[in-house]
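S.K.: Please see the structure below; I have some questions.
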Amino acid sequence: TKTEGAKVRYQELLDDAAKTIYPASKVYELRQGVHALHIAFSADRPTYLFALNVLIENSGATIVKQFFESFSNGRQVYCVYVKGANPTELAAVASSLHMLPSRPNDPVMDMYIQGSLTSEESILAFAAVIFAYYFTPPAADDDINELRRTMKNDPAQLKRFNQVYGRLFQEVTKEKHIGMAVSEDVPLFKKIFALFSKSNTGESIEAEAAAIESEICKKYFDEPATKMLWMTFVTFVRHVRATNFFKAKRAA
């Protein structure tokens, strides 16, 4: 039987969960140096827990207890008691949870677990992978270019060919494959992250972006598909920085 205080805490958390598509969370102090982090999520997203444990352990804190509470509305509340972390750190962990890949064996999450990427770099990598999946131009070799040349006098047929080829390219280039491309050249991705992280001083990032693009073209000259993926990552950073992303009082 739960105490009245526990019932109130769970109800507050479930009310918050009903208002968002992301995991809702709250931090409570249990005793000196030990805090409880409660996270409510849908029953079909248990893989969030793996990412959560990694985030907490990588912050230097220690998990001393963890358990589930299930509710009739299909929600589950994951309760974890943590020693050695302050409420602000735990709240930051919970807020970044839904931004990391929640699927097991994800290349980006694997890089984070191994320490190859920081949590901030992992979040950018995850977002860039999704962007690249949808917006990477299909790589074309000599055979594809020759086919296009044979249809240059038939615009309708050429358009249809480009659409079909684009769909086939997207089917072959899965998100996991794109993430693996990052894992095979982490130093290059860190340069892209540094470009993304430059303070918003108003100075142009074009010189640095052009230098990275030149490195990509030289390194992946013989791998057109991989080259296009990396070029799309740079394009993603350009687009994000062109928004109001770095302006605290304006929405991106």
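Count along the sequence shown starting at 1, add 1219, and that's the number in this note's numbering.
Each residue gets a CB set at the ideal place from its N, CA and C atoms; glycine is no exception.
Mind reading off the beta-carbon distance from I1275 to V1246? Whole number of angstroms is fine, and I expect it under 8 Å.
M.R.: Not a contact, Cβ separation roughly 12 Å.
S.K.: What number of angstroms, rounded off, separates the C-alpha of I1282 from the C-alpha of S1291?
M.R.: 27 Å
S.K.: State the beta-bridge partners of A1243 as determined by DSSP.
M.R.: In DSSP, A1243 forms a bridge with A1259.
S.K.: Below 8 Å between beta carbons: does that hold for I1397 and V1456?
M.R.: no
S.K.: Are the CB atoms of A1243 and D1235 within a distance shorter than 8 Å?
M.R.: At the C-beta level, D1235 and A1243 come within 8 Å of one another.
S.K.: What is the DSSP secondary structure of F1290, counted as helix, strand or coil?
M.R.: coil
S.K.: Can you tell me which residues form a DSSP beta bridge with Y1297?
M.R.: I1258 and F1287
S.K.: Once you ignore the five residues that flank F1408 on each side, which residues in its own chain have a CB closer than 6 Å to its CB?
M.R.: For F1408, where only same-chain residues beyond five positions count, the Cβ hits under 6 Å are V1401.
S.K.: With which residues is E1248 paired in a DSSP beta bridge?
M.R.: H1254
S.K.: Taking the alpha-carbon positions, what's the F1412 to E1340 distance?
M.R.: 6 Å
S.K.: Residue range of the alpha helix (DSSP H) that Y1352 falls in?
M.R.: S1338 to F1354
S.K.: Can you have a look at A1280 and say buried or exposed, based on whether 16 or more other CB atoms are within 10 angstroms of its CB?
M.R.: Per the 10 Å Cβ criterion, buried.
S.K.: With DSSP as the reference, identify every bridge partner of K1409, one or two as the case may be.
M.R.: According to DSSP, which records beta bridges pairwise, K1409 is partnered with nothing at all.
S.K.: Return the residue from the list K1437, L1233 and E1394 that minimises the CA-CA distance to S1289.
M.R.: L1233
S.K.: CB-CB under 8 Å to F1380, same chain, minus the five flanking residues each way: which ones, in chain order?
M.R.: The beta carbon of F1380 sits closer than 8 Å to those of L1366, R1367 and M1370, all from its chain and outside the five residues before and after it, given in chain order.
S.K.: Classify Y1353: buried if its beta carbon has 16 or more other beta carbons within 10 angstroms, exposed otherwise.
M.R.: Burial call: exposed.
S.K.: Find out if the Cβ-Cβ distance for the pair R1294, A1346 is shorter than 8 Å.
M.R.: no
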